[in-house]
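Protein chains: 2
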Amino acid sequence: MSTLNQSHGSAPESISINGGPPQPLHQTSNERGGTKARSSKKYKHTFAIHAEAKTSCLSHDAEATPSFLGFRNLMGLVLVVSNLRLMIENLKKYGILITLSGSSISSNDWRWGVFLYFLTPCHLFGAYVIELLAAKAANDVRGKEKKNADAIDHIITEQDKKNLFSTWKPIAIIHAINATTMLVFATWVVYYEIHNPGIGVLTQLHSVVVWLKVCSYALTNRDLRHAMLSNDPSGADLPALYKTCPYPSNITVGNLSYFWWAPTLVYQPVYPMNKTRRWDFILKRTAEFFLLSALIWITSAQYAVPLLRNSLTDISSLNFVNILERVLKLSTISLVCWLAGFFALFQSFMNGLAEIMCFADREFYGDWWNSSTVRSYWTSWNKPVTHFMKRHIYAPMIGRGVPPIVAQILTFLFSGILHELLIGVPTHNILGFAFFGMVGQLPLIFLTDVFKDAKGHNAKLVGNLIFWLSFCVFGQPIAAIAYFFAWHAKYGTETRPAWPTAKAIM
Amino acid sequence: MSTLNQSHGSAPESISINGGPPQPLHQTSNERGGTKARSSKKYKHTFAIHAEAKTSCLSHDAEATPSFLGFRNLMGLVLVVSNLRLMIENLKKYGILITLSGSSISSNDWRWGVFLYFLTPCHLFGAYVIELLAAKAANDVRGKEKKNADAIDHIITEQDKKNLFSTWKPIAIIHAINATTMLVFATWVVYYEIHNPGIGVLTQLHSVVVWLKVCSYALTNRDLRHAMLSNDPSGADLPALYKTCPYPSNITVGNLSYFWWAPTLVYQPVYPMNKTRRWDFILKRTAEFFLLSALIWITSAQYAVPLLRNSLTDISSLNFVNILERVLKLSTISLVCWLAGFFALFQSFMNGLAEIMCFADREFYGDWWNSSTVRSYWTSWNKPVTHFMKRHIYAPMIGRGVPPIVAQILTFLFSGILHELLIGVPTHNILGFAFFGMVGQLPLIFLTDVFKDAKGHNAKLVGNLIFWLSFCVFGQPIAAIAYFFAWHAKYGTETRPAWPTAKAIM
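So, in structure tokens, the structure goes:
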């Protein structure tokens, strides 16, 4: 009864018609309960339900816009329901496609994968040896300087500078050889020897990560060495954080090993640290990581693979309506994989690893999903890479007087090469889709920059929709279809059980 | 460049590691521009990117929960994209199914439809004649009273009361005969003579609306008559709004005609009125109404009908997985029709009609989409019917001492009968689905009432999801499939061009 009475209870106690003075609504109290005298109870049917002018809450002239939270809930529900339906449809059509056998991966792939897993980090220790020698040379120069200038506040002479540069050049060359040999060798192995793209991507990713770490280690230590040789006693040119471990005392195996496992690509002699490890936190992140990985695997095997196979004929016959239909269907699947993958890697894995390493700076990503510009997406979704790019590529170029726009283009070119290495090489088709996908972000960035300073809610919405559309709805599915098609054009179905559709186009 | 520098700019100027005192970050200013001395610019690579402990924004230990507006946008986008895909799939499978020919409606249906369209309101004027006679009788009684008691403040005697009741009984019987004859005749015609369910629903809806208006007119005037006869000179028992038109001066053809066309089922001698009509407003509402009607028609013909036809075999073979799949697919389509239909009828049509009639109380619905209880949905989605039920059925019962729970059950039983009349009769299958669909709301109401007083955001969310699931995702599609199946079991495909699937099960 309460709700039926609610609107009586909330009915205004006074009414105003056509601007006249408010008048009491005598009937209101009659409706509330059954305690009044019988004479007034009789006239229920005369109650003035329409007692005052009111607007419909969806009209433009309504006083306040109503909440639309219920429609947000409905959207989520319809998404779940319609994808549940597609899952039933898929099950009816294909049955269960997921198998636990890993037999399709050749023993050659496994051997190379394991070999490179152990070989790759060795180059990090190669970099350590180089830095150890460089530190020794720098110490020698410094020792000589100290002898010459003794207790006087020292200023670098021309001869010192020459010494300094004479040690820097060979060090740079040896570092470049060490790091790049590793990357080139790993790339060669993945492209020519590892057939399975899964093992290929993991191996290539490992080598790229280690290569970036070696670069950061070398570049940072070079600047630390310069800072030591410039011999500013206040150390004001260096972050205060580093004072606890001044150069060259950071050149140790322990310090490097920490950097090797720390969830960052940027070398610092000292990082902000936690004092304790929360083991339940580590356990939860590990569980999340494995559950999400299973989700991605099931989604790929059960939903993405049949869809990609079905699209092969449409691509070879260039049936654009069908290709569009396939891209749109794939977009939901790739979105699930992308979001699950993002969470698994950047939230679960990195937080878990950071907890193990007592690494306190957990800002591995920003709220990129709210990005209203493509630029803010690229600077916030992957902070470890953004930090590397900013510190070792973009900022040094700006410091050397390169115009920002040129520096941005060069940064994205570099990033494009890394992306092509990570996708093109393991799939044995250097198509340039990944590369141009990255470089193609530049026009999008300049296009969506107009939404950055827009104040209106709608401009931000449009920017956010452009980001999602370009990146997740079209970008990723089109790239996935392209690499899948190229793979099948090159290898056919040799590594998989025969599949009617795929066979038909051979 | 601005964004790449942004996080430098926004980097804290001081850091605190492991609870130590904040220390200045000397590097920050170096990174901003190229104006500093060369010596400090050199050490770009040593910049402390990881300068303080930070949390990931999705972690539970984050200081603030980030905004998830971007994900709401993504949900909307995925909904649009995945339904766009289904539209392409539908077009590839069926081509364009929409035709403008209305030839499948027999001339007999048209004739009866038009005849009832003009006949139905006549009974409203029948009610007017009855009230005119009743008012005359009441005036006679009052005149006699006045003669007897003259200028003294009058109190009703036993004889007066007898007179009063002696007029009331025959009036009630004649009203009941007048109103119910019309409803029974219209129902008989729709069930036996009008084959087309579209014309059937419109005719039946018209007769139900007029029947409710006649009931409200009769009941309200009875109470107004009682109030006049009780002769309270202050008129305190009646709403102040009615003072401008005291009984029996409201019993005119003009007053009744206004009620006939006013967007309400509840009779009042006087309504809150607007002084002017906004013709652009009327034009916009009319355009909305026709566009939304076209949307519903296209959605039904192109998407719902093939789906319903495809489900016929699954229903006759009781394949529950397939039926579930059909129900889930139909739910999106029926939701579009439902939301468009709601907006077309309650926002566009009723606001347009109200503007024409200068009817000022436009509260035809509340924000039912946010309902966290099924009760609040039923009291807010259709205010005209809720007002009728509250004023003429529920409140009088409560006033007569009926327990609220019994009054609620009786109200829903009455509503169930009306729903079955509106759906079962035009589809020529009085299955009881509509009736029990309404009565089945009662347990749902008592179930979801637990969420009404729940303070938490999650309880409201659960309540809202239960409402959407029960009503829109399962309730409506299941009812639609049931009536469609019953229709085809009874009539086969006689009124439509032959259809392979439908033919197969005959």
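Here the protein sequences come in this chain order: H and Z. Numbered by UniProt numbering, the letters in the first sequence go through residues 1 to 506 in order. Numbered by UniProt numbering, the letters in the second sequence go through residues 1 to 506 in order. Here a beta-carbon is modelled for each residue, glycine too, at the ideal position from N, C-alpha and C.
Neighbours of Pro66/H across chain Z, judged by C-beta separation under 7 Å: Asp367. For Leu465/H, at least one C-beta of chain Z is nearer than 8 Å to its own C-beta. Here the alpha carbon of Val402/Z sits roughly 55 Å from the alpha carbon of Ser59/Z. Contact annotation: Leu324/Z and Ile96/H have beta-carbon atoms that are not nearer than 8 Å. As far as DSSP is concerned, Lys44/Z takes part in no beta bridge. Closest by C-alpha distance to Phe359/H, out of Ala62/Z, Lys54/Z and Ile171/Z, is Lys54/Z.
Within the same chain, and ignoring the five residues on either side of Phe343/Z in sequence, the residues whose Cβ sits closer than 7 Å to its Cβ are Leu292. In the displayed model, Phe471/Z falls within a helix according to three-state DSSP. Excluding the 5 residues flanking it on each side, Trp381/H has same chain C-beta neighbours closer than 7 Å at Tyr365 and Trp368, in chain order. Here Gly113/Z is not near Pro426/Z, since their CB atoms are 8 Å or more apart.
In the assembly as shown, His457/Z is an exposed residue. Its beta-carbon has fewer than 16 other beta-carbons within 10 Å. Between Lys455/Z and the set Ile430/Z, Ser415/Z and Ser372/Z, the nearest pair of CA atoms involves Ser372/Z. Within chain H, Val78, Val81, Ser82 and Arg85 have C-beta atoms less than 9 Å from the C-beta of Ser331/Z, given in sequence order. Legend: CB atoms of the segment 385-396 of chain H lying less than 8 Å from CB atoms of chain Z belong to residues His387, Lys390, Arg391, His392, Tyr394, Ala395 and Pro396.
By the rule that beta-carbons nearer than 8 Å mark a contact, Pro306/H does not touch chain Z. For the segment 163-187 of chain H, the set of residues with a beta-carbon nearer than 7 Å to any beta-carbon of chain Z is empty. As DSSP reads the structure, Phe433/H sits in no beta bridge. With 16 or more other Cβ atoms inside 10 Å of its own Cβ, Lys213/H counts as buried. The CB of Phe71/H comes closer than 8 Å to the CB of Trp369 in chain Z, given here in chain order. Interface annotation for the segment 204-235 of chain H against chain Z: Ser216, Leu219, Thr220, Arg222, Asp223, Leu224, His226, Ala227 and Ser230, criterion Cβ-Cβ distance under 8 Å. When C-alpha distances from Glu63/Z are compared across Arg400/H, Arg285/H, Arg362/H and Ala179/H, the shortest belongs to Arg362/H. Shown here is that no member of the segment 282-302 of chain H has a Cβ falling below 7 Å from a Cβ of chain Z. A direct Cα-Cα distance of roughly 10 Å separates Ile356/H from Pro263/H. The Cβ atoms of Leu307/Z and Lys329/Z lie closer than 8 Å to each other.
The criterion of a C-beta distance shorter than 8 Å is not satisfied by Ala486/H and Leu421/H.
The contact set of Thr264/Z on chain H, defined by CB atoms closer than 9 Å, consists of Ile49 and His50 in chain order.
Looking only at His419/H, Val462/H and Lys490/H, the smallest Cα-Cα distance to Leu69/Z is reached by Val462/H.
Under the Cβ distance rule, Val473/Z counts among the residues neighbouring chain H, one pair being separated by less than 8 Å.
Taking 8 Å as the CB threshold, Asn382/Z stays off the interface with chain H. Judged by DSSP secondary structure, Lys54/Z falls outside any alpha helix (DSSP H); it is assigned neither H nor E. In the three-state reduction of the DSSP assignment, Phe359/Z falls in the strand class. With a cut-off of 8 Å on Cβ pairs, the segment 103-112 of chain Z is in contact with the segment 190-204 of chain Z, counting three or more such pairs. Residues Ser348, Asn351 and Gly352 of the same chain have their beta carbon placed closer than 6 Å to that of Arg285/H, with the five preceding and five following residues left out of the count. By the rule that beta-carbons nearer than 8 Å mark a contact, Trp468/Z touches chain H. Within the same chain, no Cβ atom closer than 6 Å to the Cβ of Ala294/Z is found once the five residues on either side in sequence are excluded. Between Ala135/Z and Ile251/Z, the gap from beta carbon to beta carbon is short of 8 Å.
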